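All remarks here apply to the structure that follows.
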Amino acid sequence: MRFRADLFNFSPMRPFQILLLAYLLLAAGCVQYHYSPNFVQTPYGVKKGSGQVNASVGGSPVALNGDFHASYSPIKHGTVMLNYFRTRSSFEDTNFFTGPTYTHTSKGYLLEAAAGGYMPIAFGTGAMYVGWGQGKMRNDYGIERIADLRLQRFFVQPTFTFKNDWFRLGMGLRLVRLNFPSGSIDYRIEPADIEIIQRLERESPFWFPEFGGNIGVHFKPFTISASLVIVGTKPAFLYGFDGSNIGLGISYELE
Amino acid sequence: MKKFTTLCSLFALFLLLGACKSDFNYYYYSKEETELLSQFLKLPEFPDDYTVTLPSHLRNAGLFARGVERDKAVLGRVIFYDKKLSKDGTVSCASCHKQELAFSDNKAFSDGVYDRSTARNSIALGSVANFSAYYGTDLNGSNAIRFFWDNRAETAADQSRGSMTNAQEMDMSMHEIASTVESQSYYGPLFKKAFGSTVVTEDLVLEAVSNFVNAMGSFQSKFDAEANLSQGNFTGNFGNVIYNNNFNGFTAAENRGKQLYNNNCSSCHSGNMGRPVLQLANNGLEANPIDLGVGGISGANSEKGAFKVPTLRNIALTAPYMHDGRFNNLIEVIDFYNTGIQNHPFLHADLRVGGVPMQMNFSADDKNDLIAFLNTLTDDHLLADKKFSDPFKQ
Numbered sequence: 333m334r335f336r337a338d339l340f341n342f343s344p345m346r347p348f349q350i351l352l353l354a355y356l357l358l359a360a361g362c363v364q365y366h367y368s369p370n371f372v373q374t375p376y377g378v379k380k381g382s383g384q385v386n387a388s389v390g391g392s393p394v395a396l397n398g399d400f401h402a403s404y405s406p407i408k409h410g411t412v413m414l415n416y417f418r419t420r421s422s423f424e425d426t427n428f429f430t431g432p433t434y435t436h437t438s439k440g441y442l443l444e445a446a447a448g449g450y451m452p453i454a455f456g457t458g459a460m461y462v463g464w465g466q467g468k469m470r471n472d473y474g475i476e477r478i479a480d481l482r483l484q485r486f487f488v489q490p491t492f493t494f495k496n497d498w499f500r501l502g503m504g505l506r507l508v509r510l511n512f513p514s515g516s517i518d519y520r521i522e523p524a525d526i527e528i529i530q531r532l533e534r535e536s537p538f539w540f541p542e543f544g545g546n547i548g549v550h551f552k553p554f555t556i557s558a559s560l561v562i563v564g565t566k567p568a569f570l571y572g573f574d575g576s577n578i579g580l581g582i583s584y585e586l587e
Numbered sequence: 005m006k007k008f009t010t011l012c013s014l015f016a017l018f019l020l021l022g023a024c025k026s027d028f029n030y031y032y033y034s035k036e037e038t039e040l041l042s043q044f045l046k047l048p049e050f051p052d053d054y055t056v057t058l059p060s061h062l063r064n065a066g067l068f069a070r071g072v073e074r075d076k077a078v079l080g081r082v083i084f085y086d087k088k089l090s091k092d093g094t095v096s097c098a099s100c101h102k103q104e105l106a107f108s109d110n111k112a113f114s115d116g117v118y119d120r121s122t123a124r125n126s127i128a129l130g131s132v133a134n135f136s137a138y139y140g141t142d143l144n145g146s147n148a149i150r151f152f153w154d155n156r157a158e159t160a161a162d163q164s165r166g167s168m169t170n171a172q173e174m175d176m177s178m179h180e181i182a183s184t185v186e187s188q189s190y191y192g193p194l195f196k197k198a199f200g201s202t203v204v205t206e207d208l209v210l211e212a213v214s215n216f217v218n219a220m221g222s223f224q225s226k227f228d229a230e231a232n233l234s235q236g237n238f239t240g241n242f243g244n245v246i247y248n249n250n251f252n253g254f255t256a257a258e259n260r261g262k263q264l265y266n267n268n269c270s271s272c273h274s275g276n277m278g279r280p281v282l283q284l285a286n287n288g289l290e291a292n293p294i295d296l297g298v299g300g301i302s303g304a305n306s307e308k309g310a311f312k313v314p315t316l317r318n319i320a321l322t323a324p325y326m327h328d329g330r331f332n333n334l335i336e337v338i339d340f341y342n343t344g345i346q347n348h349p350f351l352h353a354d355l356r357v358g359g360v361p362m363q364m365n366f367s368a369d370d371k372n373d374l375i376a377f378l379n380t381l382t383d384d385h386l387l388a389d390k391k392f393s394d395p396f397k398q
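These protein sequences, in sequence, are chains A and B.
First residue of the first sequence: 333, per the numbering used here; consecutive thereafter.
First residue of the second sequence: 5, per the numbering used here; consecutive thereafter.
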């Protein structure tokens with residue numbers, strides 16, 4: 333115990349935390365994944381009629397992702413949003429002696445809608461969204477061994493945004509309930525991978541938090557922004573959840 | 005704000021109503037594949053698990069089974085039982101290796117194609133703890149136990165090629181084997197599962213059979229159960245110590261038989277019934293053997309008349325005995341070791357005392373005890389294990 337405590341207090345560099353972050357980012361390495369987080373969208377509109385569309389590309393050490401988002405405030409203090417997310421990855425299963433054997437791929441999408449209310453808080457805007465969506469992940473484990481899982485996600489998402497003429501900052505906590513309602517799985521998939529899928533089947537639905545944010549520069553009416561989301565949850569090797577998504581995007585804002 | 009609350013409640017309702025239980029559908033064969041296969045074969049919906057886990061007493065003695073690829077073993081099983089793979093369509097591997105006889109044959113010489121006879125007695129595949137644990141130079145290096153009475157095949161694939169192309173057994177060329185496999189529709193899905201494609205090659209056929217053979221093993225006998233228990237809390241290799249102690253679950257006769265076996269037979273056949281101690285030996289069946297065994301292949305004088313030392317698992321089921329099936333029952337075998345050992349110049353030293361063949365001087369009771377012990381080596385589990393049974397319809 334003392335050793336652990338020492339590690340925490342060791343220096344301002346906090347190696348443990350750096351390791352933890354590295355772990356979160358790398359945890360999904362060379363594991364096929366059945367869930368990958370989209371960005372936590374933080375609409376910047378503060379009045380009726382404002383809205384934005386955004387397109388981003390992002391990724392994690394394993395996946396390449398695309399995020400598309402549109403939001404609009406039909407009423408004062410109320411916003412609706414629509415998010416579409418695509419993810420994919422592939423890697424070669426390399427046998428130490430014989431070289432690459434199979435190409436593994438994961439790909440999937442998620443389409444979701446949310447509605448929420450916002451109001452000024454401190455120097456920015458606070459909002460709360462509730463959303464629901466569904467999607468599908470297809471994992472090919474090589475030689476056409478495929479696992480198709482459908483997924484449904486419900487979320488509650490408090491956010492905080494700050495903006496001025498040239499700057500955007502948004503942060504959000506997404507509390508997720510992730511459910512895998514059905515799946516179709518080739519039994520030839522390696523037992524270790526089947527085990528992950530069976531664990532999903534057994535333990536679904538999952539409740540977990542995700543933390544996300546974005547920071548951007550605004551050139552009216554465009555914003556160029558960088559986004560990050562981290563899944564605070566189950567280790568990838570047990571559940572096949574990709575742990576993160578980092579990327580760049582462009583938004584068009586409607587005043 | 006009111007709208008917002010309504011929305012929230014709606015979502016909450018959705019959540020409650022939305023089914024929670026996941027319903028995953030696992031499949032191995034597609035619908036079309038199932039239809040095709042079920043015309044010819046009765047295979048389980050999901051493939052059997054061919055993983056081999058040896059009992060702890062054998063693992064502690066340093067034996068461990070190598071991986072078997074399930075999908076290849078499933079294909080290998082069908083090949084093993086397929087009579088179409090012989091010249092006249094009457095013989096499969098299983099004709100001479102019958103599951104109910106621990107994969108041996110009850111004839112001294114087995115019937116091959118066109119009523120030809122094999123030159124030697126079929127070897128009980130169930131006489132080994134597990135092939136992949138110590139057979140095959142591919143898996144176990146140059147010290148590995150080789151296949152056949154004369155150790156002429158280095159790997160399970162060599163051995164299968166030998167059996168398929170042997171004129172007394174299946175009498176096919178490997179090319180004919182591959183094209184026959186290719187022409188049978190039910191092999192399509194099985195090949196696809198095993199190798200990711202339906203292209204049949206000789207090597208892939210052999211690889212599949214090897215996986216099936218390497219999955220075979222016999223290690224769930226009464227002897228194994230008792231050996232596991234008698235280890236107590238010991239782990240690690242205790243040599244023969246645990247086998248020399250009396251087993252609690254054995255009858256007095258079985259324990260006496262075990263002691264006789266350990267004193268007179270285990271130096272060759274092994275005390276733990278795992279890997280035989282010697283790869284080959286001359287046990288003095290003949291002073292002037294005609295079948296030269298290992299020496300017939302290697303040409304070495306000292307190996308003329310020497311044969312593979314078999315392990316004795318399931319021995320009660322695998323009569324007749326020896327490479328030529330000369331003994332019809334275990335009494336005859338024991339009588340031979342008791343008084344019948346011949347003075348071959350290269351008779352193994354363990355069977356020789358003061359320059360002459362040993363007389364073991366077993367009493368009638370000793371013989372019965374020895375047989376009682378040999379009976380504890382029968383593994384009923386292997387004999388009934390469906391995953392090694394004939395998958396063909398009728």
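Think of the CB as a built atom: it goes at the ideal place given N, C-alpha and C, for glycine as much as any other residue.
Being a predicted model, the structure only gives us computed values, none of them experimental.
Can you name the residues of chain B whose CB is closer than 8 Å to the CB of PHE512 (chain A)?
SER26, PHE28
Say whether chain B places a C-beta atom closer than 7 Å to the C-beta of GLY572 (chain A).
no
Bridge-paired residues (DSSP) for ASP480 (chain A):
A:ARG470, A:SER516
At a CB-CB cut-off below 8 Å, which residues of chain B make contact with GLY575 (chain A)?
In chain order: nothing, as chain B lies at least about 22 Å away.
With DSSP collapsed to three states, give me the class of THR38 (chain B).
DSSP places THR38 (chain B) in helix when its eight states are reduced to three.
Rounded distance between the beta-carbons of MET503 (chain A) and THR419 (chain A), thought under 8 Å
Contact flag wrong, Cβ pair sits at about 22 Å.
Simplified DSSP state of ALA359 (chain A), which is helix, strand or coil:
Interpretation of ALA359 (chain A) is limited by its pLDDT of 43, a score under 50 that renders its predicted location unreliable; the figure taken from the coordinates is listed afterwards. If DSSP states are grouped into helix, strand and coil, ALA359 (chain A) belongs with coil.
Got a sec: which bits of the stretch 188–203 of chain B sit with their beta carbon under 7 Å from any beta carbon on chain A, in order along the chain?
LYS197, GLY200
Spell out whether any CB of chain B is found under 7 Å from the CB atom of GLY579 (chain A).
no
Among B:PHE396, B:GLN398, B:ASP389, B:LYS397, which has the Cα closest to the Cα of PHE107 (chain B)?
B:ASP389
Suppose you measure from the CA of GLU444 (chain A) to the CA of GLU424 (chain A); what does that come to, to the nearest Å?
32 Å
Using a cut-off of 9 Å between C-beta atoms, extract the partners of SER516 (chain A) located in chain B.
PHE28, ASN29, TYR30, TYR31
Along chain B, which residues have their Cβ under 7 Å away from the Cβ of SER536 (chain A)?
SER26
Could you give the uninterrupted runs of the alpha helix (DSSP H) lying entirely in the stretch 298–335 of chain B, keeping only those of 4 residues or more?
298–302, all fully within the stretch 298–335 of chain B.
Distance cutoff 7 Å, beta carbons only. Does PHE50 (chain B) sit that close to anything in chain A?
yes
Looking at the unbroken beta strand (DSSP E) that takes in ASN386 (chain A), where does it start and where does it end?
383–391
First and last residue of the uninterrupted alpha helix (DSSP H) at VAL245 (chain B)
245–248
Alpha-carbon to alpha-carbon, ALA524 (chain A) and PRO369 (chain A):
Using only the alpha carbons, I get a separation of about 23 Å.
Below 7 Å CB to CB, which residues in the same chain sit around ASN341 (chain A) once its five sequence neighbours on both sides are set aside?
With a pLDDT of 41 at ASN341 (chain A), under the threshold of 50, the predicted position of this residue should be treated as unreliable, and no value is reported.
Are there 16 or more other CB atoms within 10 angstroms of the CB of PHE135 (chain B), so buried, or fewer, so exposed?
A buried status is given to PHE135 (chain B), since no fewer than 16 other beta-carbon atoms sit within 10 Å of its beta-carbon.
Measuring alpha carbon to alpha carbon, tell me which residue in A:LYS495, A:LYS468, A:THR565, A:PRO513 is nearest GLY377 (chain A).
A:LYS495
ARG534 (chain A): buried (16+ other C-beta within 10 angstroms of its C-beta) or exposed?
ARG534 (chain A) sits exposed, since fewer than 16 C-beta atoms from the chains shown fall within 10 Å of its C-beta.
Any chain B beta carbon closer than 7 Å to TYR533 (chain A):
It is worth fixing the name first, because residue 533 (chain A) is Glu in this sequence and not Tyr. So, interface residue.
Opening and closing residue of the beta strand (DSSP E) in which MET503 (chain A) lies:
499–511
Restricting to Cα atoms, I'd like to know which of B:GLY278, B:PRO293, B:LEU41 is closest to ASN64 (chain B).
B:GLY278
Neighbour list for ARG520 (chain A) in chain B, Cβ cutoff strictly below 7 Å
TYR32, ASP75, LYS197
Taking all protein chains shown into account, decide if ASP384 (chain B) is buried (16 or more other Cβ within 10 angstroms of its Cβ) or exposed.
exposed
Rounded C-alpha distance that separates TYR33 (chain B) from GLU39 (chain B)
9 Å
List the endpoints of the continuous beta strand (DSSP E) containing ASN546 (chain A).
First-last of the beta strand (DSSP E) with ASN546 (chain A): 538–551.
Figure out for me which residue from A:PHE554, A:GLY572, A:SER403 has the closest Cα to the Cα of TYR461 (chain A).
A:SER403
Taking buried to mean at least 16 other C-beta atoms within 10 Å of its own C-beta, is ASN29 (chain B) buried or exposed?
ASN29 (chain B) comes out exposed.
Straight-line gap, LYS371 (chain B) to ILE338 (chain B) (C-alpha atoms, nearest Å):
7 Å
Using 7 Å as the limit for Cβ to Cβ distance, is ILE547 (chain A) near chain B?
no
Can you pull the chain B residues whose beta carbon is under 8 Å from the beta carbon of ILE529 (chain A), in chain order?
Going along chain B in sequence order, the residues near ILE529 (chain A) (Cβ under 8 Å) are PHE28.
Just the C-alpha distance for PHE377 (chain B) and LYS226 (chain B), rounded to the nearest angstrom, thanks.
10 Å
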